[in-house]
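K.L.:
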Amino acid sequence: MFHTYKTLEGSNHSQPRVAALLACKGNLMAASWHMPISKSPFRYGVAVRKENHTHALLCEHGSFALNFLPYEYYETVDLMGRLHGDEHDKFALSRLEKEGLDENSNHLLSASDFIYGCKVCDMYVNGDHTIFIADVVKIYVNENQKKEPMLFLGRGRYATVCKDVTV
Ligand SMILES: Cc1cc2nc3c(=O)[nH]c(=O)nc-3n(C[C@H](O)[C@H](O)[C@H](O)COP(=O)(O)O)c2cc1C
């Protein structure tokens with residue numbers, strides 16, 4: 202039996218999505234509404250609310266680095282999802298270290314399992330989010346990749362995967 206709802210807010214269901222930190226210049230934003238769009242060329246999309254400082258940064262700067270951190274950083278990611286970059290120095294507050302900058306001056310975080318260095322090639326407004334579509338111009342893979350990706354379940358809940366099978 203299913204209960205039915207008209208709105209996402211009202212439904213209160215677990216929505217497992219991979220959580221990442223979107224670095225645009227010096228700012229970090231928690232992001233889980235993102236997906237691959239095209240394999241070759243490799244393009245990736247992120248949905249960002251207009252109210253977020255990251256939205257203005259992306260429009261102005263046209264590039265970002267999507268940092269995928271392992272599960273153990275869930276508190277940091279959650280903090281980056283509650284503060285706004287026009288009010289706080291979020292990178293300093295994150296206490297994360299950066300390996301360096303990509304060619305567009307976006308932060309590459311040392312703790313990331315992997316990072317997509319992205320250049321925005323298209324954008325469109327849909328509902329209350331703007332979809333930024335980007336060419337992934339470089340993929341950075343950590344030689345010490347952890348095996349516990351960070352999932353965001355919604356409403357402050359985080360998890361990781363506990364089973365890894367090969368078929
Ligand atoms: C785990 C998590 C994932 C989130 N995913 C998104 C997202 O994909 N898009 C978005 O616009 N906001 C998302 N948010 C909310 C933003 O991270 C939040 O509004 C943040 O304060 C914006 O930061 P900024 O103003 O520095 O850009 C998410 C928050 C959390 C905690």
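The sequence shown lines up with residues 202 to 368 when you count with this note's numbering.
The beta-carbon is built from N, C-alpha and C at its ideal position, and this holds for glycine as well.
No experiment lies behind these values; they were computed from the predicted model shown.
Quick one: what's residue 360 bridged to in DSSP?
P.N.:
352
K.L.:
Considering only the alpha carbon of each residue, which of 310, 230, 322 and 360 lies closest to residue 252?
P.N.:
When each option's Cα is compared against that of residue 252, the closest is 230.
K.L.:
Does the Cβ of residue 227 lie closer than 7 Å to at least one heavy atom of ligand 1?
P.N.:
no
K.L.:
Between the C-alpha atoms of residue 227 and residue 205, what's the straight-line distance to the nearest angstrom?
P.N.:
42 Å
K.L.:
Since residue 250 and residue 330 are thought to touch, with beta carbons under 8 Å apart, how far apart are those beta carbons, to the nearest angstrom?
P.N.:
6 Å
K.L.:
At what residue ranges does the region 210 to 276 contain a whole run of the beta strand (DSSP E), taking only runs of 3 or more?
P.N.:
Counting whole runs of 3 or more residues, the region 210 to 276 contains the beta strand (DSSP E) stretches 221 to 225, 228 to 232, 235 to 239, 244 to 250 and 264 to 269.
K.L.:
In three-state DSSP terms, what is residue 297?
P.N.:
coil
K.L.:
Between residue 220 and residue 247, what straight-line distance do the alpha-carbon atoms span, to the nearest angstrom?
P.N.:
12 Å
K.L.:
In three-state terms, what does DSSP make of residue 366?
P.N.:
coil
K.L.:
Going by beta carbon distance, what residues of the same chain come within less than 7 Å of residue 339, once the five residues before and after it are set aside?
P.N.:
303 and 318
K.L.:
Count the other C-beta atoms from every protein chain shown that fall within 10 angstroms of the C-beta of residue 181, then say buried if there are 16 or more, exposed otherwise.
P.N.:
Residue 181 falls outside the range modelled here, since the chain spans only 202 to 368, and no answer is possible.
K.L.:
Where residue 292 and residue 301 are concerned, what is the direct C-alpha to C-alpha distance, given to the nearest angstrom?
P.N.:
13 Å
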